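Undergrad:
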Amino acid sequence: MFFIVVLLTLAYFSIYYYCKQRFSYWRRKGIPDLEPSIPLGNLSAPWKKIPPSIQYANFYKEFKERGQKHGGVYLFTNPMYIPVDPVLVRNILVKDFHNFSMRGISFNAEMQKCTDNLFFLDGPRWKVLRQKVTPTFTSGKMKMMFTTMLNCAKPLVQEMKLMSANREAIDIKETLAKFTTDVIGSCAFGIDCNSFETPNSDLRKYGKMVFQETVLKSLKMLIAFNYRGLAKKLGITMFEKEVDEFFAKLATDAYNYRMSNHIKRNDFMQILIELKETENALTMNELIAQVFAFFVAGFDTSAATLTFCLFELASNLDIQKKLREEISNVLNEYDGEITYESLQDMKYLDQVISETLRKYPVASMIIRTCSEDYQIPFSNSTLEKGTLVLISALGLQRDPEYFPDPEKFDPDRFSNENESKIRPGTYLPFGDGPRICIGIRFGLMQVKICLISLLKGFEFSVNSKTKLPLEFDFGFVTNVKGGIWLNCQKIS
Ligand code: HEM
255 MFFIVVLLTL AYFSIYYYCK QRFSYWRRKG IPDLEPSIPL GNLSAPWKKI PPSIQYANFY
315 KEFKERGQKH GGVYLFTNPM YIPVDPVLVR NILVKDFHNF SMRGISFNAE MQKCTDNLFF
375 LDGPRWKVLR QKVTPTFTSG KMKMMFTTML NCAKPLVQEM KLMSANREAI DIKETLAKFT
435 TDVIGSCAFG IDCNSFETPN SDLRKYGKMV FQETVLKSLK MLIAFNYRGL AKKLGITMFE
495 KEVDEFFAKL ATDAYNYRMS NHIKRNDFMQ ILIELKETEN ALTMNELIAQ VFAFFVAGFD
555 TSAATLTFCL FELASNLDIQ KKLREEISNV LNEYDGEITY ESLQDMKYLD QVISETLRKY
615 PVASMIIRTC SEDYQIPFSN STLEKGTLVL ISALGLQRDP EYFPDPEKFD PDRFSNENES
675 KIRPGTYLPF GDGPRICIGI RFGLMQVKIC LISLLKGFEF SVNSKTKLPL EFDFGFVTNV
735 KGGIWLNCQK IS
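Residue numbers (the numbering used here): 255 to 746.
(1) Rounded to the nearest angstrom, how far is the Cβ of leucine 740 from that of valine 716, given a contact under 8 Å?
(2) Along the chain, which unbroken stretches of the alpha helix (DSSP H) at least 4 residues long are found entirely within the region 455-484?
(3) Using the C-alpha atoms, what's the distance from asparagine 670 back to serine 596?
(4) Just verifying my parser: in three-state terms, what is the DSSP assignment at glycine 326?
(5) Distance, Cα to Cα, tryptophan 301 vs isoleucine 308?
(6) Note down the Cα distance separating leucine 650 from phenylalanine 257, rounded to an integer number of angstroms.
(7) Would you list the one or two residues that DSSP bridges to leucine 740?
(8) Under three-state DSSP, which class holds isoleucine 269?
(9) Use the C-beta contact count for arginine 622: other C-beta atoms within 10 angstroms, 16 or more gives buried, fewer gives exposed.
(10) Please report the distance separating the alpha-carbon of proline 378 from that of serine 355.
(11) Go ahead and pull the three-state DSSP assignment for glycine 640.
(12) Where phenylalanine 548 and proline 723 are concerned, what is the direct C-alpha to C-alpha distance, given to the nearest angstrom?
(13) Using only CA atoms, which one of Ile269, Ile304, Glu289 lies nearest to asparagine 733?
(14) Would you kindly check if the distance between the Cβ of tyrosine 460 and the Cβ of phenylalanine 433 is under 7 Å?
(15) Among Glu638, Lys415, Leu264, which residue has its Cα nearest to the Cα of serine 707?
(16) Who pairs with phenylalanine 726 in a beta bridge, going by DSSP?
(17) How far does the beta strand (DSSP E) with asparagine 539 in it reach, from first residue to last?
(18) Using three-state DSSP, classify isoleucine 292 as helix, strand or coil.
(19) Which same chain residues, not among the five before or five after alanine 568, have their C-beta less than 6 Å away from its C-beta?
(20) Can you tell me which of the three DSSP states serine 449 falls into?
(21) Go ahead and pull the three-state DSSP assignment for tyrosine 588.
(22) Residues bridged to threonine 246 by DSSP?
(23) For asparagine 371, I'd like the list of residues in its chain whose CB is within less than 7 Å of its CB, leaving aside the five on either flank, ordered along the chain.
(24) Less than 8 Å between C-beta atoms, sequence neighbours within five positions excluded: which residues of the same chain meet that for arginine 652?
(25) Can you list, in chain order, the residues of its chain with a C-beta nearer than 6 Å to that of threonine 429? Leave out the 5 residues immediately preceding and following it.
(26) What are the boundary residues of the alpha helix (DSSP H) that asparagine 515 is part of?
(27) Do you know how far the Cα of valine 497 is from the Cα of valine 464?
(28) With burial defined as no fewer than 16 other Cβ atoms inside 10 Å of the residue's Cβ, what is the status of methionine 403: buried or exposed?
(29) Heavy atom of the ligand HEM less than 6 Å from the Cβ of valine 616, yes or no?
(30) Which whole-angstrom value is the C-beta distance of isoleucine 336 and histidine 324, which I expect to be below 8 Å?
(31) Please classify lysine 427 as buried or exposed, where buried requires at least 16 neighbouring CB atoms within 10 angstroms.
(32) Got a sec: does the ligand HEM put a non-hydrogen atom nearer than 6 Å to the Cβ of threonine 559?
(33) If you draw a straight line from the alpha carbon of valine 584 to that of tyrosine 594, how long is it in whole angstroms?
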């Protein structure tokens, strides 16, 4: 018994002194920090269920309120650097990109087929792949996919007609995610998912699974990011095994079907097949992984953006009316048809979407890893190779210094007159620099098609089932506790 007590006491003091030593890292570097606690560092306890997006925005806020240009925190005992000043942010993302080209979040990639993609790769493999895949997203290629996307809006409009006739409260994220699943399912895998007719399709099921957050899943991710060796021993992977296998099979089947039946379509899969077959620029595994990345990065981010946009329009009926008037006026010039060109003429629509992404940056954390020791501007401190860097888009975009009255939904912040006043490094809904989101054009096109299709026929208001004020939920993509519920009324 005595022996056990001595052992436990020794273990306690060893852990205590180890943590104390680790927690002096930022002070030794001359970089301000926030007081950590053992063993979580600056992370809040998992049972408090504070979403990471909010935790990191709070770190930003604390340093900012103390007048600091940057700071350091600890994830468990691992240091993480938080740039606060927009000049530092921009240097990391753009000017000094060569020091920060790594996202550095991939782990145990060799255990999965789908993780070898643009989002997770780093170094020369990322660079080569980004160059090869970039032509997939030109405006010419987007124009090719326009009709496919527009067709996916038809069942959505039908569903809205039904729900408005039945006066049902609409779980708007769920409804919009069916639309974005159909779009990306069609454009990436070339399959007609019909999510409205078959809401429990495998694509919808596995798509949901990718983003389903649980405390256990978050804990696994924290272990994986902080203790790679342990993650390897425990066999922790980025996605569940069945998710990886499902998407790999889907992409392989789609590829084989097209090859053996000589089928060509205007979509991502076709462009990737051409890269593989004619230019020998992609391997089969790379093709599978890219299709998966487009699916994962595309459907939930766009559905969340649409959800927040409709919520704000339902809460600000004057803005909804003004936008509907613009849509109606522009469509009149195109014989009432939604065309690719008509989208370019809707300036106020652009403003509304930009303001939605300002208030709700759905991918609110921009992550980089320092790949070489880096002399931090305005300081005598050096950032060590391998340090994780986190930029809080949510913190910056709700900072009253850059966006006065930040809780107010005001699309005029993005008018021609005001847009040029936005400070570089403060507005980052798609990230910035060479690793900026590759799918911006595609994402914005589907968001616009959806909004136009809905607003021209329906009026939206907030249903009392929505818990106000909105409270963010756990998850990589920003979500809302209890969901957003809207009423929809058919007009004309
Ligand atoms: C409104 C919709 C979207 C939002 C808000 C969004 C946001 C983002 C953000 C914040 C990043 C990280 C950028 C950085 O680290 O600097 C990113 C990366 C990425 N996004 Fe998107 N995204 C959207 C739609 C899409 C779509 C539709 C696709 C594909 C079809 C896509 C594919 C990607 C890929 C592949 C990356 C990794 C790029 C790289 O590291 O080279 N995204 N996105």
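Just so it is clear, CB atoms sit at the ideal spot from N, CA and C, and this is done for glycine as well.
These numbers come from a predicted model, not from an experiment.
TA: Reading it off the structure:
(1) Right, their Cβ atoms sit about 6 Å apart.
(2) Under the rule that a run must span 4 or more residues, the alpha helix (DSSP H) segments found entirely inside the region 455-484 read 456-465, 469-480.
(3) For serine 596 and asparagine 670, the distance between alpha carbons rounds to 19 Å.
(4) Looking at glycine 326 - three-state DSSP - the assignment turns out to be strand.
(5) The alpha-carbon separation between tryptophan 301 and isoleucine 308 amounts to approximately 15 Å.
(6) Our two residues, leucine 650 and phenylalanine 257, have alpha carbons roughly 53 Å apart in a direct line.
(7) In the DSSP output, where bridge partners are listed per residue, leucine 740 has Ile424, Val716.
(8) Note: isoleucine 269 maps to helix in three-state DSSP.
(9) By the 10 Å Cβ count, arginine 622 comes out buried.
(10) In this structure, the straight-line span from the alpha carbon of proline 378 to that of serine 355 is close to 10 Å.
(11) In the structure shown, glycine 640 sits in coil (DSSP, three-state: anything other than H, G, I, E or B).
(12) Straight-line Cα distance between these residues: approximately 32 Å.
(13) Of the candidates Ile269, Ile304, Glu289, the one whose C-alpha sits nearest the C-alpha of asparagine 733 is Ile304.
(14) Their beta carbons are not under 7 Å apart, which means phenylalanine 433 does not touch tyrosine 460 by this criterion.
(15) Per the Cα distances, Lys415.
(16) Partner residues in the beta bridge of phenylalanine 726, as assigned by DSSP, are Val734.
(17) Here asparagine 539 belongs to no beta strand (DSSP E); instead the alpha helix (DSSP H) covers 538-569.
(18) Secondary structure of isoleucine 292 (DSSP, three-state): coil.
(19) Residues Phe714, Ser715, Val716, Leu740 of the same chain have their beta carbon placed closer than 6 Å to that of alanine 568, with the five preceding and five following residues left out of the count.
(20) Three-state result, serine 449: coil.
(21) In the displayed model, tyrosine 588 falls within coil according to three-state DSSP, outside both helix and strand.
(22) Residue 246 is absent from the structure shown; the chain starts at 255 and stops at 746.
(23) So the qualifying residues of the chain are Ala543, Gln544, Phe546, Ala547.
(24) Within the same chain, arginine 652 has close Cβ partners Ala311, Lys613, Pro660, Glu661.
(25) Hits under 6 Å: none found.
(26) Start and end: 495-515.
(27) Between valine 464 and valine 497, the C-alpha separation is close to 7 Å.
(28) Buried, because 16 or more other Cβ atoms sit within 10 Å of the Cβ of methionine 403.
(29) Result yes, Cβ under 6 Å from the ligand HEM.
(30) Indeed, because the Cβ distance is near 6 Å, the residues count as touching under 8 Å.
(31) Lysine 427 comes out buried.
(32) Shortest gap from the CB of threonine 559 to any heavy atom of the ligand HEM: under 6 Å.
(33) When rounded, the separation of the alpha-carbon atoms in valine 584 and tyrosine 594 is 12 Å.
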